[in-house]
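> Which chain is which? The protein sequence lines are D and S, in order.
First residue of the first sequence? That's 1 in UniProt numbering, and the numbers climb one at a time after it.
First residue of the second sequence? That's 1 in UniProt numbering, and the numbers climb one at a time after it.
Handing you a structure now.
Number of protein chains: 2
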Amino acid sequence: MPEANAPIGCLALVGLGLIGSSLARGARRFGLAQRIVAIDVDAGVRARVEELGIADAVTGDAAEGVRDADLVILCVPVGAVGDVAAAIAGHMKPGAVLSDVGSVKGAVVAAVTPHLGDGIAFVPAHPVAGTEYSGPDAGFPTLFSGRWCILTPPEDAPEAAVARVRGFWEGLGAIVETMTPEHHDLVLAITSHVPHLIAYNIVGTAADLEEVTQSEVIKFSAGGFRDFTRIAASDPTMWRDVFLTNKDAVLEMLGRFNEDLSALARAIRWGDGEALHALFTRTRAIRRGIVAMGQETAEPDFGRARPAADEKA
Amino acid sequence: MPEANAPIGCLALVGLGLIGSSLARGARRFGLAQRIVAIDVDAGVRARVEELGIADAVTGDAAEGVRDADLVILCVPVGAVGDVAAAIAGHMKPGAVLSDVGSVKGAVVAAVTPHLGDGIAFVPAHPVAGTEYSGPDAGFPTLFSGRWCILTPPEDAPEAAVARVRGFWEGLGAIVETMTPEHHDLVLAITSHVPHLIAYNIVGTAADLEEVTQSEVIKFSAGGFRDFTRIAASDPTMWRDVFLTNKDAVLEMLGRFNEDLSALARAIRWGDGEALHALFTRTRAIRRGIVAMGQETAEPDFGRARPAADEKA
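Put into structure tokens, the structure is as follows:
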């Protein structure tokens with residue numbers, strides 16, 4: 001569909017954090033929009049975006065900022081999308097497309113849909129990419145390159161609107177897949193939400209111990225613990241909203257995790273080495289699949305250690 | 001103590017996997033031993049060590065291999081150290097020092113001590129370093145540089161023997177700390193053993209789901225799940241032995257983890273956003289401490305993403 005790959009006339013981004021500022025940088029780097037308007041309620045963020053020069057216009061007035069936009073992307077915590085949609089929907093021009101980048105889709109669809117005026121199509125999106133850093137300085141244009149972006153368009157979404165959003169993400173180097181909001185929320189509960197929850201949890205457990213000092217936890221973290229601290233350093237507001245808005249799927253997947261963990265604890269208590277060895281062998285295959293699919297580096301230690309070639313001998 | 005920093009005459013390494021082969025490479029690179037003898041029961045490993053040329057002699061006969069050694073380091077899974085100690089202790093020369101690299105110390109001390117002959121000092125050690133790869137090809141000489149190595153010498157250990165082992169690890173660039181085996185096992189249970197257990201567990205849970213396909217788990221793993229797959233790809237035999245030999249501390253720390261996780265699940269179920277935000281904010285500080293102590297990279301995504309400088313704008 002040609003129009004899908006034609007650059008967007010005016011792109012409006014609401015929220016210039018890690019994702020929003022990466023979209024601004026990527027849209028310019030890859031020539032995906034003729035004009036980029038950055039909208040943020042935080043004056044400090046607006047000032048920084050001006051300094052970085054990653055948008056053509058910067059404003060705190062959402063209604064004003066979206067007026068001429070052909071594509072508006074909400075890049076705010078999922079708990080805030082409803083209010084933002086309410087503030088801008090009436091000011092978007094007919095034929096414009098509204099999208100988002102939220103890690104939860106069912107709750108976002110429910111919060112945004114009631115505010116949509118005639119002629120405004122909503123095509124929810126979720127790029128499965130990010131880092132543990134936040135804010136406009138954390139973004140970079142290639143954040144989405146080679147990563148999946150999941151679209152959850154309503155059944156009656158105009159084909160052209162879906163093609164426009166798909167084309168935008170493909171222009172950023174993302175691989176686009178479509179599914180229902182319900183399935184998205186289940187898949188992400190296990191591939192993202194529960195992993196974050198248990199990472200936050202073990203870091204909290206370690207911090208609260210009395211027999212082991214915080215300094216010991218830090219010093220000896222290379223034994224495995226430090227891997228968990230990365231995602232446990234992610235944005236607190238974004239993640240609070242994820243757990244509050246994807247409650248059912250998260251608690252369901254957490255239930256499965258707990259059942260399996262109880263069985264594993266029992267195997268340890270009863271000295272069932274075969275059961276442990278069988279699981280530990282099975283889990284290696286999944287990582288090989290992730291590396292083979294280009295979703296992970298094959299370098300030891302994520303590449304942290306990175307010995308030079310001459311270091312091997 | 002001068003002798004601590006004098007090179008070791010003959011160093012014998014039993015087990016040439018990731019750790020043993022890194023010790024061979026490091027001892028040579030940093031001039032820590034005049035002669036290095038590699039001992040391994042696996043003919044394939046011995047052949048590979050010959051090809052790599054990382055030892056002066058390679059043998060499958062442990063008794064013969066340790067005969068002239070001044071320092072013997074056991075680099076085998078903790079479940080095997082007892083048998084290896086029984087096989088070599090009687091063949092070590094008086095005044096020689098025996099050490100190990102096991103991730104569990106209490107069980108190792110209990111398994112090795114009964115086999116020690118007169119004049120053989122045992123100084124247990126645990127370098128808190130490694131990667132998810134195994135075998136003689138996975139090692140590199142700087143694996144221990146800037147990492148902690150924990151010694152758990154018995155109260156009656158000769159000072160010179162402890163100094164010899166300490167000097168060896170400091171020569172590899174490690175930071176040496178001493179504690180009791182019991183405290184070591186408690187500290188490592190939370191900084192290493194339980195993190196590995198929950199990583200293995202969630203990878204297993206994800207692999208067994210029916211509503212979410214394995215291909216979906218792999219594709220969307222960049223949402224956080226993939227971080228767990230790295231340590232869940234670690235050596236199955238080594239980790240089976242860790243859990244079987246540090247059962248009490250692991251189950252105790254796992255109990256704390258589960259209590260905290262139940263409270264977190266309850267906060268999600270009841271929509272207690274403040275409790276979630278408070279924990280998610282607190283956990284950020286721990287990672288900052290780990291990065292500040294040089295135990296972790298400050299690069300986003302462990303450096304996987306690694307945008308070039310020009311990528312930022």
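We put the beta carbon where it would ideally sit given N, CA and C, even for glycine.
1. Can you check whether the C-beta of Ser-192 of chain D is within less than 8 Å of a C-beta belonging to chain S?
2. What are the partner residues of Glu-132 of chain D, as DSSP defines its beta bridges?
3. Is DSSP giving Ser-262 of chain D helix, strand or coil here?
4. Taking the alpha-carbon of Asp-248 of chain S as reference, which of S:Asp-235, S:Ser-262, S:His-184, S:Leu-261 has the nearest alpha-carbon?
5. CB-CB under 6 Å to Ala-111 of chain S, same chain, minus the five flanking residues each way: which ones, in chain order?
6. Mind checking Ala-313 of chain S: buried by the 16 CB within 10 Å criterion, or exposed?
7. Measuring alpha carbon to alpha carbon, tell me which of S:Pro-94, S:Ile-19, S:Ser-22, S:Arg-35 ends up nearest Gly-9 of chain S.
8. With 8 Å set as the bound, which would you pick, yes or no: does the beta-carbon of Pro-136 of chain D sit closer than that to a beta-carbon of chain S?
9. Between the region 79-90 of chain D and chain S, which residues of the former have CB atoms less than 9 Å from a CB of the latter, in chain order?
10. Would you check if the region 123-141 of chain D and the region 275-287 of chain D touch, i.e. whether three or more CB-CB distances between them fall below 8 Å?
11. Any beta carbon from chain S within less than 8 Å of Pro-77 of chain D's own beta carbon?
12. Output the boundary residues of the alpha helix (DSSP H) element that contains His-196 of chain D.
13. Chain S beta carbons: is any one of them nearer than 8 Å to that of Ala-260 of chain D?
14. So, do the region 52-69 of chain D and the region 210-223 of chain D have three or more beta carbon pairs nearer to each other than 8 Å?
15. By the criterion of Cβ-Cβ separation under 9 Å, what are the contact partners of Ile-19 of chain D in chain S?
16. For residue 333 of chain S, I'd like the list of residues in its chain whose CB is within less than 7 Å of its CB, leaving aside the five on either flank, ordered along the chain.
17. Tell me which same chain residues have a C-beta within less than 7 Å of the C-beta of Ala-161 of chain S, skipping the five on either side of it?
18. So, using beta-carbon positions, are Val-165 of chain S and Leu-143 of chain S closer together than 8 Å?
19. Tell me, please, whether the region 250-265 of chain D touches the region 256-270 of chain S by the rule of three or more beta-carbon pairs shorter than 8 Å.
20. Please classify Gly-130 of chain S as buried or exposed, where buried requires at least 16 neighbouring CB atoms within 10 angstroms.
21. Under DSSP, the alpha helix (DSSP H) around Val-14 of chain S begins and ends at which residues?
22. Please compile the residues from chain D whose C-beta is within a distance smaller than 7 Å of the C-beta of Val-203 of chain S.
23. Contact criterion: CB-CB distance below 8 Å. Does Thr-297 of chain D meet it with respect to chain S?
24. Judging by CA-CA distance, which residue of S:Val-217, S:Val-212, S:Leu-172, S:Ala-189 is the nearest neighbour of Glu-211 of chain D?
25. Would you mind working out which of D:Pro-94, D:Ala-125, D:Gly-95 sits nearest Val-109 of chain D, comparing C-alpha positions?
26. Can you check whether the C-beta of Glu-50 of chain S is within less than 8 Å of a C-beta belonging to chain D?
27. If distances are taken between C-alpha atoms only, which option among D:Asn-246, D:Glu-259, D:Gly-294 comes closest to residue 337 of chain S?
28. Give the DSSP-derived three-state secondary structure of Trp-169 of chain S in the structure shown.
29. Just to check my reading of the structure: Asp-40 of chain S and Gly-79 of chain S have Cβ atoms closer than 8 Å, yes? What is that Cβ distance to the nearest angstrom?
30. Between the C-alpha atoms of Val-194 of chain S and Ile-231 of chain S, what's the straight-line distance to the nearest angstrom?
31. Measuring straight from C-alpha to C-alpha, what distance separates Gly-53 of chain S and Pro-141 of chain S?
32. Counting contacts by CB-CB distance shorter than 8 Å, is Ala-265 of chain D in contact with chain S?
33. If Glu-216 of chain D sits next to Val-187 of chain S, beta carbons under 8 Å apart, how far is it from one beta carbon to the other, in whole angstroms?
34. Apart from the five residues on each side of it in sequence, which residues of its chain come closer than 6 Å, Cβ to Cβ, to Gln-295 of chain S?
35. How far does the beta strand (DSSP E) with Asp-100 of chain D in it extend, from its first residue to its last?
36. Give a yes or no on whether 8 Å exceeds the smallest Cβ distance from Ile-268 of chain D to chain S.
Based on what the coordinates show:
1. Residue mapping note: residue 192 of chain D aligns to position 192 of the first sequence, counting from 1. True, the Cβ-Cβ gap to chain S drops below 8 Å.
2. Here residue 132 of chain D refers to the residue found at position 132 of the first sequence. Answer is none; Glu-132 of chain D lacks a bridge partner.
3. In the first sequence, residue 262 of chain D corresponds to position 262, counting from 1. Reduced to three states, the DSSP call for Ser-262 of chain D is helix.
4. As a first step, residue 248 of chain S must be located in the second sequence, where it is residue number 248. Nearest of S:Asp-235, S:Ser-262, S:His-184, S:Leu-261 to Asp-248 of chain S, Cα basis: S:His-184.
5. For the purposes of this step, residue 111 of chain S is taken as the residue at position 111 of the second sequence. Annotation for Ala-111 of chain S: Val-81, Gly-82 place their beta carbon closer than 6 Å to its own, counting only its chain and skipping 5 residues before and after.
6. For the purposes of this step, residue 313 of chain S is taken as the residue at position 313 of the second sequence. No answer about Ala-313 of chain S holds up, because its pLDDT of 47 lies below 50 and its placement is not dependable.
7. In the second sequence, counting from the first residue as 1, residue 9 of chain S sits at position 9. The shortest C-alpha separation from Gly-9 of chain S is found at S:Arg-35.
8. Within the first sequence, residue 136 of chain D is the residue found at index 136, counting from 1. Chain S contact via Cβ: absent.
9. Considering only beta carbons, the part of the region 79-90 of chain D lying closer than 9 Å to chain S consists of Gly-79, in chain order.
10. With a cut-off of 8 Å, the region 123-141 of chain D and the region 275-287 of chain D do not count as touching, because too few Cβ pairs lie within range.
11. Within the first sequence, numbered from 1, the residue matching residue 77 of chain D stands at position 77. Closer than 8 Å: no.
12. The sequence position of residue 196 of chain D within the first sequence is 196, counting from 1. Where His-196 of chain D is concerned, the enclosing alpha helix (DSSP H) stretches over 194-208.
13. As a position in the first sequence, residue 260 of chain D is number 260, starting the count at 1. Looking at the sequence itself, residue 260 of chain D is Asp, so the reference to Ala does not match. So yes, Asp-260 of chain D belongs to the interface.
14. no
15. On the first sequence, residue 19 of chain D is found 19 positions in, with the first residue counted as 1. Simply none; closest approach about 13 Å.
16. Any property of residue 333 of chain S remains undetermined from this structure, which presents chain S solely from 1 to 313.
17. Taking the second sequence and counting its residues from 1, one reaches residue 161 of chain S at position 161. Same-chain partners within the cutoff: Val-97, Ala-121, Val-123.
18. Working through the second sequence from its first residue, we reach residue 165 of chain S at position 165. Working through the second sequence from its first residue, we reach residue 143 of chain S at position 143. No, these two residues do not count as a Cβ contact at 8 Å.
19. yes
20. Walking along the second sequence from the start, residue 130 of chain S turns up at place 130. The Cβ neighbour count for Gly-130 of chain S, taken over all protein chains shown within 10 Å, is at least 16; the residue is labelled buried.
21. Position 14 of the second sequence, counting from 1, holds the residue named residue 14 of chain S. Careful: Val-14 of chain S lies outside any alpha helix (DSSP H), inside the beta strand (DSSP E) at 8-14.
22. Taking the first residue of the second sequence as 1, we reach residue 203 of chain S at position 203. What Val-203 of chain S touches in chain D: Thr-283, Ile-286.
23. In the first sequence, counting from the first residue as 1, residue 297 of chain D sits at position 297. Output row for Thr-297 of chain D: interface = yes.
24. To locate residue 211 of chain D, count along the first sequence from 1; it is residue 211. Ranking S:Val-217, S:Val-212, S:Leu-172, S:Ala-189 by Cα distance to Glu-211 of chain D puts S:Ala-189 first.
25. Taking the first sequence and counting its residues from 1, one reaches residue 109 of chain D at position 109. Residue D:Ala-125 is the option with its Cα nearest to Val-109 of chain D.
26. Counting from one through the second sequence, the residue named residue 50 of chain S turns up at place 50. Chain D contact via Cβ: absent.
27. Outside the modelled stretch of chain S, which goes from 1 to 313, sits residue 337 of chain S, for which no answer is possible.
28. Translated into positions along the second sequence, residue 169 of chain S becomes position 169. In this structure, Trp-169 of chain S counts as helix in the three-state DSSP scheme.
29. Within the second sequence, numbered from 1, the residue matching residue 40 of chain S stands at position 40. Within the second sequence, numbered from 1, the residue matching residue 79 of chain S stands at position 79. With 8 Å as the limit, Asp-40 of chain S and Gly-79 of chain S do not qualify as a contact, their Cβ atoms being about 16 Å apart.
30. Position 194 of the second sequence holds residue 194 of chain S. Position 231 of the second sequence holds residue 231 of chain S. Those two C-alpha atoms are separated by around 11 Å.
31. The residue given as residue 53 of chain S occupies position 53 in the second sequence. The residue given as residue 141 of chain S occupies position 141 in the second sequence. Gly-53 of chain S and Pro-141 of chain S: Cα-Cα distance of roughly 14 Å.
32. Walking along the first sequence from the start, residue 265 of chain D turns up at place 265. So, interface residue.
33. Looking up residue 216 of chain D in the first sequence gives position 216. Looking up residue 187 of chain S in the second sequence gives position 187. Yes, they are in contact, since the Cβ atoms of Glu-216 of chain D and Val-187 of chain S sit about 5 Å apart, within 8 Å.
34. If you number the second sequence from 1, residue 295 of chain S lands on position 295. Cβ neighbours of Gln-295 of chain S beyond the five flanking positions: none.
35. On the first sequence, position 100 is the one that residue 100 of chain D refers to. Where Asp-100 of chain D is concerned, the enclosing beta strand (DSSP E) stretches over 97-100.
36. Taking the first residue of the first sequence as 1, we reach residue 268 of chain D at position 268. Closer than 8 Å: yes.
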